[in-house]
Structure formats: C-alpha cells, structure tokens
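Asks: Protein chains in written order, with the numbering used here: chain H, 13 to 285; chain D, 40 to 321. Cβ coordinates follow ideal geometry from the N, Cα and C atoms, glycine included.
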Amino acid sequence: MLLLQVYPFITSFYYSLTDYNALAEPHFSGLSNYVRLFTKDKEFFKSLAATLKYTVYTVPFKIIMSLFIAMLLNNSRKGIGALRTIYYLPSLFGGSMAVSILWKIMFMDDGMINAFLHKFGFETISFLGNPATALPTLSSLEVWQFGSSMVMFLAALKQVPSSLYEAAKIDGAGKVRSFFSITIPQISPIIFFCIIMQTINALQNFTSAFVVTQGGPVKSTYMLGLKLYNDGFLYYKMGYASATSWVIFGLVLVFTVTLFGTSKFWVFYGDED
Amino acid sequence: MDKKTKKKIRSIVSYLVLVVIGIIMIYPLIWMFFASFKTNEEIYGSIALLPSSYSFEAFRNGWNAIGGNTYAVFFKNSFLLVIPTTILTVVSSTLVAYGFARFNFRGKKLAFSLLLSTLMLPNAILIIPRYSIFRSLNVLDGYGPFYLMAAFACYPFFTYMLVQFMRGLPRELDESAYIDGCGTFRTLIQILLPLLKPAMFSAGLFQFLWTYNDYFNSLIYINTVKKFTVSLALRLSLDSETIVVWKNVMAMSCLAVLPVVVLFFFCQKYFVEGIATSGLKG
Numbered sequence: 013m014l015l016l017q018v019y020p021f022i023t024s025f026y027y028s029l030t031d032y033n034a035l036a037e038p039h040f041s042g043l044s045n046y047v048r049l050f051t052k053d054k055e056f057f058k059s060l061a062a063t064l065k066y067t068v069y070t071v072p073f074k075i076i077m078s079l080f081i082a083m084l085l086n087n088s089r090k091g092i093g094a095l096r097t098i099y100y101l102p103s104l105f106g107g108s109m110a111v112s113i114l115w116k117i118m119f120m121d122d123g124m125i126n127a128f129l130h131k132f133g134f135e136t137i138s139f140l141g142n143p144a145t146a147l148p149t150l151s152s153l154e155v156w157q158f159g160s161s162m163v164m165f166l167a168a169l170k171q172v173p174s175s176l177y178e179a180a181k182i183d184g185a186g187k188v189r190s191f192f193s194i195t196i197p198q199i200s201p202i203i204f205f206c207i208i209m210q211t212i213n214a215l216q217n218f219t220s221a222f223v224v225t226q227g228g229p230v231k232s233t234y235m236l237g238l239k240l241y242n243d244g245f246l247y248y249k250m251g252y253a254s255a256t257s258w259v260i261f262g263l264v265l266v267f268t269v270t271l272f273g274t275s276k277f278w279v280f281y282g283d284e285d
Numbered sequence: 040m041d042k043k044t045k046k047k048i049r050s051i052v053s054y055l056v057l058v059v060i061g062i063i064m065i066y067p068l069i070w071m072f073f074a075s076f077k078t079n080e081e082i083y084g085s086i087a088l089l090p091s092s093y094s095f096e097a098f099r100n101g102w103n104a105i106g107g108n109t110y111a112v113f114f115k116n117s118f119l120l121v122i123p124t125t126i127l128t129v130v131s132s133t134l135v136a137y138g139f140a141r142f143n144f145r146g147k148k149l150a151f152s153l154l155l156s157t158l159m160l161p162n163a164i165l166i167i168p169r170y171s172i173f174r175s176l177n178v179l180d181g182y183g184p185f186y187l188m189a190a191f192a193c194y195p196f197f198t199y200m201l202v203q204f205m206r207g208l209p210r211e212l213d214e215s216a217y218i219d220g221c222g223t224f225r226t227l228i229q230i231l232l233p234l235l236k237p238a239m240f241s242a243g244l245f246q247f248l249w250t251y252n253d254y255f256n257s258l259i260y261i262n263t264v265k266k267f268t269v270s271l272a273l274r275l276s277l278d279s280e281t282i283v284v285w286k287n288v289m290a291m292s293c294l295a296v297l298p299v300v301v302l303f304f305f306c307q308k309y310f311v312e313g314i315a316t317s318g319l320k321g
C-alpha cells in the first residue's frame, strides 16, 4: 500500500515540479508548471470552472434526490423491492462506456430527447452543441446514477431506532421536526460520507466528458480530469499534468477540510459519547 | 377526513411519485434495448420506443466488428481483468481492515489518517506516478497493474468500509474467542468472517462493478486491441467507422451491461441488505 499509494503521492508532487515527459529523466523546473497553469494556460481556468460547475450541479442534486427517494421507499411497504431495483439500476453502470454512448445518442440534435421536445412543440435544443447546455447534460448523466447513495441512505434509515420516533411523537414533534431532529442527525455520518465521496468523484470526472462531448463545445466541458489525460497521456507532458492533478487534489483538500471542520456540528457518531 | 384515509392518500401519492420518477429513470435503458433493433433513420428524430421490425442483425454485426476480434475476446478480457482484481481486493482489504479495527500498534493513528487521506486522494493524482511504476515493473499493457493495486489494498474505500463495519461488531466476541483459546488469525476466520460476509460480499460486488465499468484506468494501462476490455472496445467502435451504425453500438452496449444486470439480480439481497443488516441480527 505504501508503494502504490504514498510513494506515487510524493512522486506526483515531485513530477509536478519537473518537465517529466515519461521518456527522459525529469528535470527540476521549480514552480514553472504551476506558473504556466495559472498565468499562461487559457484552457486551465475554463477547465477549472467547468469542473467546479459540474460538481455544484451534480453533488447536491444527487444527495437530495437519493435522500428523497430513500425516504419515500422507506415509508412504503409493498413493492419497494421492485422500485428500489429500478432506482438502483442506472447506478450499476457507473461511469461506464455503454451509458456514456447512450447519453450521446439520446441528446444528439436529432436524438430521442429532441424528438420528444418536437412532439410537444418545442424547438430543437442543441444539448451537446451549446456550451450553456452541454455541462448540465453531462451532469444529468451523473445525477441519474444516484442509486448507490440511495441504498446507503435506505440502509441507514432502517437503522434509526423506531423508539426515537415514538418518543418524538409523544413529545409532540411533527413529521418535519422529527425529520430534521432525528432522521438527519441519525444518518448524518452516511450523508457526510456520501457528500465527500461524490465530490471527489465529481471533481475528477473523465469518462462522460471524454466520450459524450470530448470536452467541447468550445471547451465548456473540458474538465480537469480530461485535461489531465490529454496533457499527460496524449502529449506526454506528464510533469505538467501532475501539476493539474495537484490542483484537483487542492480542490478536494480544501473541500474536505472545510467539511470535516464543520462535521463536529452536524455529524453524530454512535460510538462516541 | 379521518386519519386513516389521510394516511392512505399519502401512501398512494408517494407510490405515484415513486412510480413516475421510476419510469423516467428506467426509460433510457429500455430505449437502449429497443434501439438495438432500429435503423439509424429510426433512431434519428423518432420518439417511437418500439422498432418497426425485429432482427438480431445488429447483435451479429456488432459482435464481429473490430479488427478481427469479436466481443467474445473482449468479454473474456474483461472477466480476466475483473475477477482476480475483485478477489484480491476483498482479501487484502479485509486483512488491512482487521488490523485497523482490532489492533493497537504504534503509529496506528497516523496510518489510519493516511488511509483516510488516500481515500480522498483523487485517482488523478496517482495515475501518472503509478504509470511510471508499472512501466518500470514492465507490467503495462496488461492486467498486471490492476492485480497489483488490488493485492496491495489500494482501494482504500473498501478498507474503510470494512473497518467501519468491523467497529460495529462487538469486541466481546473477539474477547470470548481469545478466552476460548483462538489466535488472532483464527478469530478473524472463525468468528469475524461469518459476520463480515455481507460486508465483504458487497465490497466484492462494488469492486466488480467499478472495475468492470472502469474506463479511465483501462484506457491508460491497456493499449493492444487484443487485450481490450469491453468498455475500450465500445469506445473503439465509435471511432473505427466513418458512419456509426448506432444499432450495432447499442446492441453491444446492451450486452456490455448485461453481466452487471444479471449479477445484480442474483445478488440483490446481498447487495442491498448486506449493507443494512449487521451479521448479529441474522
């Protein structure tokens, strides 16, 4: 584990300070990669913006959607097995090629979604051709796969002792009140975990951008993950790509540290008294 | 309106909402299946779900598509990659998790926070150095990188998941096992393993799915068409022809997701309830 986690971690930082190109030995070049990223590389800020937007579009929607559906499923009794399966099904395919291709076909200018819009009298929307809609379209693919956090929420909801709800009822708490005072705190570790994992995933999205839009149009979906791949494995500017990866890491770090910082106010662990 | 009708209405509404959203959720997948039978003209600009005629031509043509390699090869490759990776991951993560959950050793705190931080470490940051490591080990263009990563518990997610799960198992179980004369390894195998099974199984399932679906890593570590996995092959089929015959691609996409779906239906109980119920309840 040390060899394949910690060592690459350190090397990656070192590479980011060099002109490593996978063929020759790396030469130390100080912060020049970072300087170039932040001052000369016009792609970079676009890429950064696309990545952040993608994260903001996907993570909250995914969490809210999965919590909402999990609550509904948890309240129902009959037939939830089948429904749960249906909701979970899309998530099985993760960032897989098949669904990325499917999205590409469905959202083509003359694809299935536009055919629907025509039917209801709307104009064709160039989902993947317009910089304003391309990113939300990719995000929809991600949000579609909310199933795994839903399953985790569902499991967590089942573990909330019903005695708590009964006690709350006796104390006169309404549904809304017990949702915020019992449900949310009780499953907060899972929410916390899901938010972190989803964000890390979203920040390094690659497959859908690579397949569905190739980063276009006008680089509006050219997310950092894709930039990293192109720089590193297409042009073999690995030192430079490492610098990009450290920017991604920086984002993750800032985010998780913030979240961990706030966690003691809203995350409750059962085994800590 | 009395309480009972109110409750009934509420449950009907919640079912309705669930069903409607459910249909929207599943629609693309159904569409994908039927699109395998449609001509390009039918796929473009038509909302009809069902094709005008059924023939398995797309499955046949898609199967044989690329450069003399059929999808039989790609499927075999995918499984060759995924199955050992999954097994290695479960074994190594369980061992590491056992160490973290049950033993106190020097630097445990540090090691655990390292584990946690690698959990947050984007794959992106590791990929380039890993690539150079695997290159110097001469295991590129194959499945070696995947096996190695699995064997060294490089999927901290699963380790973390198992640690969390083990923490939930009462320590008294271990202690009584020690009193009865079990060693640490035997305690793991005989006492904890049966209780851990659901968690291990779901770890295995997730790893299977993720590795099977994974595209980024395969793209980087595998270059020869002969060794391509299904997802690489699918991508290739988009590039290799000037006019993409969508139904072929859709047919193969259906086949590509099939193993995952089948696995899910067979293991659904483990999948969902494995996470939910701790072993003690059963």
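Exposed or buried, H:E135, counting other C-beta atoms within 10 Å across all chains shown (16 or more means buried)?
Replies: Burial call: exposed.
Asks: Using a Cβ-Cβ cutoff of 7 Å, what residues of the segment 284–296 of chain D are near chain H? List them in chain order.
Replies: For the segment 284–296 of chain D, which is checked against every Cβ of chain H, the residues closer than 7 Å are W285, V288, S292, A295 and V296.
Asks: From the beta carbon of D:K320, is the nearest beta carbon of chain H less than 8 Å away?
Replies: Since pLDDT at D:K320 reaches only 29, below the 50 mark, its modelled position is unreliable, and the value read off the structure follows with that caveat. Answer no: the Cβ-Cβ gap between D:K320 and chain H never drops below 8 Å.
Asks: Given a cut-off of 8 Å on the beta-carbon distance, is the pair H:S200 and H:F132 in contact?
Replies: Not in contact: H:S200 and H:F132 (Cβ atoms no closer than 8 Å).
Asks: Could you have a look at H:T30 and say whether DSSP puts it in helix, strand or coil?
Replies: H:T30: strand per DSSP, three-state reduction.
Asks: Answer with yes or no whether the minimum CB distance from D:L273 to chain H is below 8 Å.
Replies: By this cut-off, D:L273 is an interface position.
Asks: Considering only their Cβ atoms, is the gap separating H:S41 from H:L29 smaller than 8 Å?
Replies: Cβ atoms of H:L29 and H:S41: closer than 8 Å.
Asks: Pull up the CB-CB distance for H:M109 and D:Y260, whole angstroms please, since I reckon it's below 8 Å.
Replies: Rounded, the Cβ-Cβ distance is 16 Å, inconsistent with contact.
Asks: Mind listing which residues of the segment 189–211 of chain H have their C-beta closer than 8 Å to chain D's C-betas, in chain order?
Replies: Cβ contacts with chain D come from I208 and M209.
Asks: With a CB to CB cut of under 6 Å and the five nearest residues on each side skipped, what residues in its chain are close to H:F73?
Replies: Cβ within range, chain order: V155.
Asks: Does the Cβ-Cβ distance between D:P195 and H:Q216 come in under 8 Å?
Replies: No; because the gap between Cβ atoms is not below 8 Å, this pair is not in contact.
Asks: Could you tell me the boundaries of the alpha helix (DSSP H) in which D:D278 lies?
Replies: That run of the alpha helix (DSSP H) goes V269 to D278.
Asks: Indicate the three-state DSSP secondary structure (helix, strand or coil) for D:F76 in the structure shown.
Replies: Note: D:F76 maps to coil in three-state DSSP.
Asks: Which residues in the same chain have their Cβ closer than 6 Å to the Cβ of D:V202, if we skip the five residues on either side of it in sequence?
Replies: A136, F139 and A140, listed in sequence order.
Asks: For H:V279, report the span of its alpha helix (DSSP H) as first-last.
Replies: Segment: none, H:V279 is in no alpha helix (DSSP H) and carries neither H nor E.
Asks: Does DSSP put H:F40 in a helix, in a strand, or in coil?
Replies: In the structure shown, H:F40 sits in a strand (DSSP, three-state: E or B).
Asks: Classify D:P195 as helix, strand or coil using the three-state DSSP reduction.
Replies: The answer is helix: DSSP assigns D:P195 an H, G or I state.
Asks: Which chain H residues sit within Cβ distance under 9 Å of D:F255?
Replies: Those are G107, Q216, F218, T219, F222, G237 and Y241, listed as they occur along chain H.
Asks: Compare the C-beta of H:G186 with all C-beta atoms of chain D and state if any pair is closer than 8 Å.
Replies: Taking Cβ atoms only, chain D never reaches closer than 8 Å to H:G186, which makes this a no.
Asks: Could you check where the alpha helix (DSSP H) with H:Q226 kicks off and where it finishes?
Replies: It is not in any alpha helix (DSSP H) - H:Q226 carries neither H nor E in the DSSP assignment.
Asks: Is it true that the CB of D:I167 sits closer than 8 Å to the CB of H:S254?
Replies: Their beta carbons are under 8 Å apart, which means H:S254 touches D:I167 by this criterion.
Asks: Under 8 Å between C-beta atoms, does D:Q246 make it to chain H?
Replies: It does not; no Cβ of chain H falls within 8 Å.
Asks: Verify whether the separation of the beta carbon atoms of H:G244 and H:A221 is less than 8 Å.
Replies: No, the Cβ-Cβ distance between H:G244 and H:A221 is not below 8 Å.
Asks: Going by C-alpha distance, which of H:I202, H:A94, H:V111 and H:L140 is nearest H:A168?
Replies: When only C-alpha atoms are compared, the closest one is H:I202.
Asks: On the three-state DSSP scale, how would you describe D:Y217?
Replies: D:Y217 falls in the helix class under three-state DSSP.
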